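First comes the structure, then the notes that go with it.
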Amino acid sequence: MEFDSEYLQERVHVVETTDGSQTLSIDGGIEHYHSINGAIAEALHVYIDAGLAPFAGREVNVFEVGFGTGLNAMLAYQFAVCNATKVNYTSVERYPLPLNIVEKFTYPEQVELDREKYFNALHSAPWNSKVELDPCFTLQKVEVDLVEYSPSAEIDVVFFDAFAPDLQPQLWSLQVFERIYKTMNAGGVLVTYSSKGFVKNNLRESGFNVKRLPGPKGKRHMILAQK
(Lines of atoms letter the chains of each structure in order from A and count residues from 1; the text may use other names and numbers.)
(Lines give C-alpha, C1' and ligand atoms only; values in the text may rest on other atoms or scores of the structure.)
Protein backbone atom coordinates (compact mmCIF):
# COMPACT_ATOMS: atom_id res chain seq x y z
CA MET A 1 0.00 0.00 0.00
CA GLU A 2 1.42 3.34 -1.09
CA PHE A 3 -0.01 6.81 -0.59
CA ASP A 4 1.04 10.43 -0.34
CA SER A 5 -0.28 13.61 1.29
CA GLU A 6 -2.86 14.15 -1.48
CA TYR A 7 -4.11 10.59 -1.00
CA LEU A 8 -4.40 11.21 2.75
CA GLN A 9 -6.53 14.30 2.17
CA GLU A 10 -8.91 12.58 -0.23
CA ARG A 11 -9.24 8.98 0.90
CA VAL A 12 -8.61 8.88 4.64
CA HIS A 13 -11.56 9.60 6.92
CA VAL A 14 -12.05 9.91 10.67
CA VAL A 15 -14.36 7.26 12.16
CA GLU A 16 -15.41 6.59 15.74
CA THR A 17 -14.39 3.35 17.47
CA THR A 18 -16.28 1.43 20.13
CA ASP A 19 -14.62 3.22 23.07
CA GLY A 20 -15.60 6.60 21.63
CA SER A 21 -12.11 7.47 20.39
CA GLN A 22 -11.31 7.94 16.73
CA THR A 23 -9.31 6.09 14.15
CA LEU A 24 -8.70 6.76 10.47
CA SER A 25 -10.31 4.61 7.81
CA ILE A 26 -8.45 4.17 4.52
CA ASP A 27 -10.41 3.66 1.30
CA GLY A 28 -13.65 2.87 3.07
CA GLY A 29 -12.14 0.43 5.53
CA ILE A 30 -9.45 -1.63 3.79
CA GLU A 31 -7.22 -0.57 6.69
CA HIS A 32 -7.45 1.50 9.88
CA TYR A 33 -4.79 3.39 11.82
CA HIS A 34 -6.13 1.97 15.10
CA SER A 35 -8.55 -0.77 16.08
CA ILE A 36 -12.22 -0.08 15.39
CA ASN A 37 -12.85 -1.92 18.68
CA GLY A 38 -11.31 0.97 20.60
CA ALA A 39 -8.34 3.08 19.53
CA ILE A 40 -7.33 4.27 22.99
CA ALA A 41 -8.07 0.89 24.56
CA GLU A 42 -5.83 -0.89 22.02
CA ALA A 43 -2.98 1.60 22.42
CA LEU A 44 -3.05 1.32 26.22
CA HIS A 45 -3.23 -2.48 26.19
CA VAL A 46 -0.57 -3.22 23.57
CA TYR A 47 1.92 -0.38 23.85
CA ILE A 48 1.66 1.20 27.30
CA ASP A 49 0.65 -1.69 29.58
CA ALA A 50 2.60 -4.46 27.84
CA GLY A 51 5.50 -2.40 26.53
CA LEU A 52 6.27 0.73 28.53
CA ALA A 53 4.84 0.08 32.00
CA PRO A 54 7.45 -2.55 33.02
CA PHE A 55 10.13 0.15 32.62
CA ALA A 56 8.46 2.66 34.95
CA GLY A 57 10.73 4.71 37.17
CA ARG A 58 13.85 4.54 35.01
CA GLU A 59 15.12 6.23 31.87
CA VAL A 60 13.79 4.38 28.83
CA ASN A 61 14.42 4.73 25.10
CA VAL A 62 11.30 4.08 23.01
CA PHE A 63 11.32 3.52 19.25
CA GLU A 64 7.96 3.69 17.49
CA VAL A 65 7.21 2.43 14.01
CA GLY A 66 4.39 4.60 12.69
CA PHE A 67 3.82 7.97 14.39
CA GLY A 68 0.46 8.21 12.62
CA THR A 69 -2.16 9.96 14.72
CA GLY A 70 0.23 10.55 17.61
CA LEU A 71 -1.97 8.53 19.97
CA ASN A 72 0.77 6.17 21.17
CA ALA A 73 3.16 9.07 21.69
CA MET A 74 0.55 11.03 23.65
CA LEU A 75 -0.12 8.09 25.97
CA ALA A 76 3.61 7.49 26.44
CA TYR A 77 4.03 11.19 27.29
CA GLN A 78 1.22 10.93 29.84
CA PHE A 79 2.78 7.79 31.34
CA ALA A 80 6.18 9.45 31.60
CA VAL A 81 4.86 12.45 33.51
CA CYS A 82 2.52 10.46 35.77
CA ASN A 83 5.14 7.85 36.65
CA ALA A 84 8.29 9.98 36.96
CA THR A 85 9.80 8.07 34.05
CA LYS A 86 12.24 9.72 31.66
CA VAL A 87 11.14 8.68 28.16
CA ASN A 88 13.27 9.38 25.08
CA TYR A 89 10.80 8.80 22.26
CA THR A 90 11.80 8.35 18.62
CA SER A 91 9.13 7.72 16.00
CA VAL A 92 9.39 7.10 12.26
CA GLU A 93 6.65 8.00 9.82
CA ARG A 94 6.78 8.01 6.04
CA TYR A 95 3.56 9.98 5.53
CA PRO A 96 2.86 12.56 8.27
CA LEU A 97 -0.82 13.39 8.63
CA PRO A 98 -2.03 16.85 7.56
CA LEU A 99 -2.90 19.05 10.53
CA ASN A 100 -6.48 19.54 9.32
CA ILE A 101 -7.00 15.81 9.95
CA VAL A 102 -5.10 15.77 13.25
CA GLU A 103 -7.22 18.56 14.71
CA LYS A 104 -10.32 16.34 14.47
CA PHE A 105 -9.01 13.88 17.05
CA THR A 106 -10.26 14.21 20.64
CA TYR A 107 -7.81 11.82 22.30
CA PRO A 108 -6.52 14.26 24.96
CA GLU A 109 -10.01 15.28 25.99
CA GLN A 110 -11.05 11.65 26.35
CA VAL A 111 -8.25 10.88 28.80
CA GLU A 112 -8.48 14.31 30.46
CA LEU A 113 -5.17 15.73 29.27
CA ASP A 114 -4.26 19.27 28.35
CA ARG A 115 -4.55 19.27 24.56
CA GLU A 116 -1.86 21.86 23.90
CA LYS A 117 0.75 20.20 26.13
CA TYR A 118 0.13 16.54 25.42
CA PHE A 119 -1.12 16.47 21.83
CA ASN A 120 -0.70 19.67 19.84
CA ALA A 121 2.93 19.94 20.96
CA LEU A 122 3.62 16.48 19.53
CA HIS A 123 2.27 17.39 16.12
CA SER A 124 3.76 20.88 15.96
CA ALA A 125 7.23 19.65 16.93
CA PRO A 126 9.60 19.83 13.94
CA TRP A 127 10.43 16.69 12.04
CA ASN A 128 13.94 15.27 12.09
CA SER A 129 14.87 17.17 15.26
CA LYS A 130 15.05 16.19 18.92
CA VAL A 131 12.78 18.31 21.14
CA GLU A 132 12.37 18.25 24.93
CA LEU A 133 8.65 18.71 25.59
CA ASP A 134 8.98 18.06 29.32
CA PRO A 135 11.83 17.10 31.66
CA CYS A 136 10.30 13.61 31.49
CA PHE A 137 9.72 13.42 27.72
CA THR A 138 11.93 14.01 24.70
CA LEU A 139 10.53 13.56 21.19
CA GLN A 140 12.24 12.96 17.87
CA LYS A 141 10.00 12.41 14.83
CA VAL A 142 11.76 11.12 11.72
CA GLU A 143 10.11 11.39 8.31
CA VAL A 144 11.45 8.30 6.59
CA ASP A 145 10.57 4.87 5.21
CA LEU A 146 11.34 2.27 7.89
CA VAL A 147 12.95 0.01 5.28
CA GLU A 148 15.61 2.68 4.69
CA TYR A 149 16.17 3.61 8.34
CA SER A 150 18.55 2.30 10.98
CA PRO A 151 17.49 3.19 14.55
CA SER A 152 19.98 4.51 17.06
CA ALA A 153 21.41 1.99 19.49
CA GLU A 154 20.24 1.27 23.04
CA ILE A 155 16.50 0.89 22.43
CA ASP A 156 14.53 -0.47 25.39
CA VAL A 157 11.00 -0.61 23.98
CA VAL A 158 9.73 -0.84 20.41
CA PHE A 159 6.14 0.13 19.62
CA PHE A 160 5.73 -1.70 16.30
CA ASP A 161 2.55 -0.12 14.94
CA ALA A 162 2.98 -0.35 11.17
CA PHE A 163 0.05 -1.02 8.86
CA ALA A 164 -1.09 -4.63 8.67
CA PRO A 165 1.41 -7.25 7.45
CA ASP A 166 -0.89 -8.25 4.60
CA LEU A 167 -0.83 -4.69 3.23
CA GLN A 168 2.81 -3.77 3.87
CA PRO A 169 4.74 -7.03 4.34
CA GLN A 170 8.07 -5.29 3.65
CA LEU A 171 7.81 -3.50 7.00
CA TRP A 172 7.48 -6.82 8.84
CA SER A 173 10.40 -8.51 7.14
CA LEU A 174 13.25 -10.48 8.67
CA GLN A 175 15.68 -7.78 7.55
CA VAL A 176 13.75 -5.03 9.37
CA PHE A 177 13.48 -7.05 12.59
CA GLU A 178 17.16 -8.00 12.47
CA ARG A 179 18.14 -4.34 12.16
CA ILE A 180 15.96 -3.38 15.11
CA TYR A 181 17.16 -6.32 17.23
CA LYS A 182 20.79 -5.28 16.83
CA THR A 183 20.06 -1.80 18.21
CA MET A 184 18.20 -2.96 21.33
CA ASN A 185 19.47 -3.27 24.87
CA ALA A 186 19.48 -6.71 26.48
CA GLY A 187 16.07 -7.25 28.05
CA GLY A 188 14.44 -4.80 25.66
CA VAL A 189 10.99 -5.61 24.29
CA LEU A 190 9.09 -5.18 21.04
CA VAL A 191 5.30 -5.10 21.27
CA THR A 192 2.83 -5.21 18.42
CA TYR A 193 -0.86 -5.78 17.78
CA SER A 194 -0.18 -8.40 15.08
CA SER A 195 0.18 -12.09 15.86
CA LYS A 196 0.49 -13.30 12.27
CA GLY A 197 2.47 -16.50 11.88
CA PHE A 198 5.11 -15.09 9.56
CA VAL A 199 5.58 -12.11 11.90
CA LYS A 200 6.30 -14.44 14.81
CA ASN A 201 8.65 -16.49 12.66
CA ASN A 202 10.59 -13.44 11.45
CA LEU A 203 10.93 -12.16 15.00
CA ARG A 204 12.23 -15.51 16.22
CA GLU A 205 14.70 -15.76 13.34
CA SER A 206 15.94 -12.28 14.24
CA GLY A 207 16.87 -13.52 17.71
CA PHE A 208 13.83 -12.49 19.78
CA ASN A 209 12.13 -14.64 22.38
CA VAL A 210 8.54 -14.38 21.20
CA LYS A 211 5.52 -14.58 23.50
CA ARG A 212 1.87 -14.49 22.51
CA LEU A 213 -0.21 -12.47 24.98
CA PRO A 214 -3.96 -11.85 25.21
CA GLY A 215 -4.89 -9.12 22.77
CA PRO A 216 -7.07 -6.05 23.20
CA LYS A 217 -10.81 -6.16 22.56
CA GLY A 218 -11.51 -7.69 19.15
CA LYS A 219 -8.17 -9.53 18.92
CA ARG A 220 -7.35 -12.85 20.54
CA HIS A 221 -3.62 -12.26 20.74
CA MET A 222 -0.79 -9.73 20.50
CA ILE A 223 2.98 -10.25 20.49
CA LEU A 224 5.68 -9.38 22.99
CA ALA A 225 9.18 -10.16 21.73
CA GLN A 226 12.15 -9.81 24.09
CA LYS A 227 15.86 -9.59 23.41
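Quick note: the sequence shown uses UniProt numbering, first residue 1, plus one each step.
For glycine and all other residues, C-beta sits at the position ideal for the given N, C-alpha and C.
Remember, it's a predicted structure, so these values are computed and weren't measured experimentally.
Item: Using 8 Å as the threshold, is the segment 187-198 in touch with the segment 31-48, meaning 3 or more CB pairs across them?; Value: yes
Item: Does the separation of the CB atoms of L146 and H123 fall below 9 Å?; Value: no
Item: Which residues mark the beginning and the end of the alpha helix (DSSP H) in which P108 is found?; Value: 107-110
Item: Assuming contact is defined by CB atoms lying nearer than 9 Å, are A80 and F137 in contact in what I supplied?; Value: yes
Item: Since I believe G197 is in contact with V157 (beta carbons under 8 Å), could you give me their beta-carbon distance rounded to a whole number of angstroms?; Value: Not quite, the Cβ-Cβ distance comes to about 24 Å (not below 8 Å), so this is no contact.
Item: Locate the alpha helix (DSSP H) running through S25, then write down its first and last residues.; Value: Careful: S25 lies outside any alpha helix (DSSP H), inside the beta strand (DSSP E) at 22-26.
Item: Give the single residue among P54, G57, A53, V14 whose Cα lies nearest to the Cα of I36.; Value: V14
Item: I'd like to check one pair, F160 with E205: are the Cβ atoms closer than 9 Å?; Value: no
Item: Can you name the start and end residues of the beta strand (DSSP E) that E16 belongs to?; Value: 12-16
Item: Helix, strand or coil for N37? Go by DSSP, reduced to three states.; Value: coil
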